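First up is the structure itself, then whatever we jot down about it.
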Amino acid sequence: MTLQSDGQGFVRPAPEGATLVLGCDWIVGDATGLLVLISTAAPDAVTAAVATLPEEGYTCQVSDDFGAQFCELPGSGPDTEEFVVARDDVWIYYAPVNRNGRAFLSDIASQIFG
């Protein structure tokens with residue numbers, strides 16, 4: 001789960017032409033952590049990419065909290081899910097590992113989208 005310095009080679013859903021703006025990973029021990037990758041892309045590319053997520057197993061809906069598309073890929077439990085939050089030209093990929101990180105995602109998205 002360790003993020004490479006530029007995110008190259010890490011496979012994740014992202015819009016066409018996306019530019020990684022910020023990548024952070026918080027690791028505790030060998031198997032617990034959170035990965036956050038924030039990218040920007042043309043708004044139409046973000047919209048098109050969200051439309052493809054259900055084909056990959058994601059469930060998407062508009063979030064009432066920050067008016068963005070909130071997409072969830074279920075894992076084997078709340079500590080293995082993957083999320084995408086997208087609005088306008090911003091794409092957030094978020095993956096907790098062995099920890100329930102939904103509250104952190106809400107805080108991150110609220111700070112970005114207001």
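The opening position of the sequence shown corresponds to residue 1 in my numbering, with each subsequent residue numbered one higher.
Backbone N, C-alpha and C fix where the C-beta goes; we use that ideal spot for every residue, glycine too.
No experiment lies behind these values; they were computed from the predicted model shown.
task = Just the C-alpha distance for Met1 and Asn100, rounded to the nearest angstrom, thanks.
result = Residue confidence for Met1 is low, a pLDDT of 36 falling below 50, so the modelled location carries little weight and cannot support an answer.
request  = Could you pull the start and end residues of the alpha helix (DSSP H) that Leu105 belongs to?
outcome  = Annotation for Leu105: the continuous alpha helix (DSSP H) segment containing it runs 102-113.
task = Would you list, in sequence order, the uninterrupted alpha helix (DSSP H) runs of no fewer than 4 residues that lie entirely inside the region 41-70?
result = Annotation: the region 41-70 contains the following complete segments of the alpha helix (DSSP H) (minimum length 4 residues), in chain order: 43-52.
ask   = According to DSSP, is Thr80 helix, strand or coil?
value = Three-state DSSP puts Thr80 in coil, outside helix and strand.
Expected contact under 8 Å - CB spacing of Gly17 and Phe66 to nearest Å = Between Gly17 and Phe66, the beta carbon gap of about 23 Å keeps them out of contact (Cβ cut-off 8 Å).
message = Tell me the residue span of the beta strand (DSSP E) that contains Ala95.
response = Bounds of the beta strand (DSSP E) holding Ala95 are 90-97.
message = Using the Cβ count rule (16 or more neighbours within 10 Å means buried), how would you classify Gln69?
response = Classification of Gln69: buried, given that the 10 Å Cβ count is 16 or more.
query = According to DSSP, which residues form a beta bridge with Val28?
reply = Paired residue(s): Thr32.
query = Is Glu16 helix, strand or coil by DSSP?
reply = DSSP places Glu16 in coil when its eight states are reduced to three.
request  = Between the Cα of Gly75 and those of Glu55, Ala86, Gly29, Val97, spot the shortest distance and give me the residue it belongs to.
outcome  = Its Cα nearest to that of Gly75, the residue Val97 stands out among Glu55, Ala86, Gly29, Val97.
query = With contact counted as at least three CB pairs below 8 Å, one residue from each stretch, are the region 36-47 and the region 85-93 in contact?
reply = Flag = yes, the region 36-47 and the region 85-93 touch.
ask   = Just to confirm, are Val50 and Tyr94 a CB contact at a threshold of 8 Å?
value = Taking a C-beta distance under 8 Å as the contact criterion, Val50 and Tyr94 do not qualify as a contact pair.
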